[in-house]
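Under the numbering used here, the residues of the sequence shown are numbered 266 to 701, in order. Heads up, the beta-carbon is just placed ideally off N, CA and C, and yes, glycines get one too. Worksheet: one structure, shown below.
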Amino acid sequence: MKRSWWYIVLSILLVQCTSRHSLEQNKHTDAVINTPGLIAFWDFVQLDDGIWSSYHDPATINQSFPLYLKRIGDVNDYSPEDWPYDDAESHLQYDASGPFGKAVHFNKGYIYAAVPRSTFDNTLLDIHGKQAFTLITWMKFTGARHMIAGIWDEGGWAKYSGRRQVALFGGLFGQQSLIAHISKTGASSYPQSEINGSQYARVRAIDGQAFDDERWVALAMSYDPDKNEVKAYLNGKMTPFSLTDPVEQDVYQFESEQVANPLSFTGPVYSPRAFTIKYNGYLRPEANIKEHRLLVDLNNKQLTYERDSIPGNSIDTLFRVKVDIQRAAASILTTPVIMDAFSGQQAVLPFQQPVAEGDVVITTLEKRNGDEWQQVGTRIERIIPEGAPFTLGRALGLASEEIEHGSQLFIDGVAVFNRVLDIRELEALTFLTPQE
266 MKRSWWYIVL SILLVQCTSR HSLEQNKHTD AVINTPGLIA FWDFVQLDDG IWSSYHDPAT
326 INQSFPLYLK RIGDVNDYSP EDWPYDDAES HLQYDASGPF GKAVHFNKGY IYAAVPRSTF
386 DNTLLDIHGK QAFTLITWMK FTGARHMIAG IWDEGGWAKY SGRRQVALFG GLFGQQSLIA
446 HISKTGASSY PQSEINGSQY ARVRAIDGQA FDDERWVALA MSYDPDKNEV KAYLNGKMTP
506 FSLTDPVEQD VYQFESEQVA NPLSFTGPVY SPRAFTIKYN GYLRPEANIK EHRLLVDLNN
566 KQLTYERDSI PGNSIDTLFR VKVDIQRAAA SILTTPVIMD AFSGQQAVLP FQQPVAEGDV
626 VITTLEKRNG DEWQQVGTRI ERIIPEGAPF TLGRALGLAS EEIEHGSQLF IDGVAVFNRV
686 LDIRELEALT FLTPQE
């Protein structure tokens, strides 16, 4: 039976539309690849031996990074062809309607993706210290909102555990907008507070524009160490926003609402070998100090003490910090460090042998009470871990690591740059019409 003329016309139009859409998606991919400073860009199209692989700028970095499918409770890494799960929660689904044409659906802990830490540790993708960066994802939520992409292990929400560096989230802090998380401690942001929520990371930029589910959006964050700013962007635009975090308020007692976008952040970003420890057990009125911090730099064998005081008030109490590093309950220092706690004070860590994963940094804060030194707060023990992987669709270390916790979303692409992209560049990389 002959096909009618209208069927043939429709078929031709469909092929033409599909071809135009494919060409447009290829242009989008090329635009990202050709933006200078590209560390990594995954579009779920490029493969290396069947494994998703990243594009990169050869002038910036000389390697690609593999991206594997993962499932909570299963330690194995999978390529798309080897993915063994096909139940309703774990079935591998794609969506061709996004800017790059092969978005993957991630579902809580049933299916997420990860770049193993061993493949990017100490590279530009290991965002830490005073490293400028821009992180962009092209995605749409389909259900529960949580982490989208980044290096973020919650550490079970114990105040002195976790491997948090930077990550994009949606739906936190009572918002339906982008949350750009960043961490100095890798752990709780304000362990000196005892109010509800003080076990979590609280330092974040919040974009002021909400966005809906089932809608493609381009979400981005940047950190400018020269300006000490973190910014969150929706579809290439940064909407200013103010929101005082209740835990930070408990510590600092602000008298006005705090700006949340852009966020003031002095760094450095957490690394397992260079991080900030915050002490606890003191009250704000005591000695007029709001926060005691110790920067531990194992790479340079250096300790630096910092503190935030109440402006205009004198500090009469003397403080000191004690630091040791132990392996199998024995010190690896020639002698434990005892350092007077004046802001900016530094000391050298006298290693007997290099610090390794599993070693424990042990520190206490003490204050002078008459002729004696009295411990303030708890003895802090910080285990040196391997750094966290770069994950998509799931934050690790969520209390008991329940598989039901996490985001439900399609991700069509993730890109990381080694610099702060300007507004024109971000808008050019949005690839979305207002209707989308």
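query = Taking the C-alpha atoms as reference points, what is the distance between T325 and A397?
reply = 13 Å
ask   = What is the residue span of the beta strand (DSSP E) that A445 lies within?
value = L443 to I447
request  = Check each candidate in S319, G421, T402 and S672 and name the one with the smallest Cα separation from S354.
outcome  = Going by the sequence as given, residue 354 is Glu instead of Ser. Minimum Cα distance to E354 is reached at S672.
key: With 16 other Cβ atoms within 10 Å as the buried cut-off, status of E669   = exposed
request  = May I ask which residues mark the beginning and end of the alpha helix (DSSP H) holding Q514?
outcome  = P511 to Y517
message = Going by C-alpha to C-alpha distance, which of D515, W307, G678 and H370 sits closest to Y455?
response = D515
request  = List the residues that DSSP assigns as beta-bridge partners of T656.
outcome  = A379 and G415
task = Compute the distance between the beta-carbons of S319 and F309, then report whether it is under 8 Å.
result = no
Contact belief for S442 with L499 at Cβ below 8 Å, rounded distance in angstroms = 7 Å
ask   = Going straight from the alpha carbon of A733 to that of K335, what length do you get?
value = A query on residue 733 cannot be resolved here, the shown segment of the chain reaching from 266 to 701 and no further.
ask   = If A414 and L389 are in contact, beta carbons under 8 Å, what's the gap, nearest whole angstrom?
value = Rounded, the Cβ-Cβ distance is 16 Å, inconsistent with contact.
request  = Express the C-alpha separation of D687 and P527 in angstroms, rounding to a whole number.
outcome  = 14 Å
inquiry  = For the pair the segment 337-355 and the segment 630-640, tell me if three or more CB-CB distances fall below 8 Å.
reply    = no
ask   = Three-state secondary structure (DSSP) at W348?
value = coil
query = Which term fits F519, buried or exposed, when burial requires 16 or more other beta carbons within 10 angstroms of its beta carbon?
reply = exposed
message = What residue range does the alpha helix (DSSP H) around L499 cover?
response = Looking at the DSSP string, L499 is not in any alpha helix (DSSP H); the run it does join, the beta strand (DSSP E), is E494 to L499.
request  = Taking only the alpha-carbon atoms, compute the straight-line gap between I648 and R429 and give it to the nearest angstrom.
outcome  = 14 Å
query = Under three-state DSSP, which class holds F438?
reply = coil
key: Selected residue, minimal CA-CA separation from H370, among F385, R382 and P345   = P345
task = Tell me, please, whether the CB atom of I392 is closer than 8 Å to any CB atom in chain D?
result = Protein chain content of the structure displayed is limited to a single chain, and chain D is not contained in it.
query = Helix, strand or coil for H557 per DSSP?
reply = strand
key: Span of the alpha helix (DSSP H), counted from its first residue to its last, around E690   = I688 to A693
Given 8 Å, three or more beta-carbon pairs between the segment 401-409 and the segment 465-483 = yes
ask   = Among residues of its own chain, excluding the 5 on either side of A653, which ones have a beta-carbon nearer than 6 Å to its beta-carbon?
value = I416, D418 and R428
message = What does the alpha-carbon distance come out to for the pair S587 and L559?
response = One detail in the question is off: residue 587 reads as Lys in this sequence, not Ser. Roughly 10 Å separates the two Cα atoms.
ask   = Taking the beta strand (DSSP E) that K367 falls in, what are its first and last residues?
value = Run containing K367: none; DSSP gives neither H nor E here.
request  = Determine the extent of the beta strand (DSSP E) in which R633 is found, giving its start and end residues.
outcome  = V625 to N634
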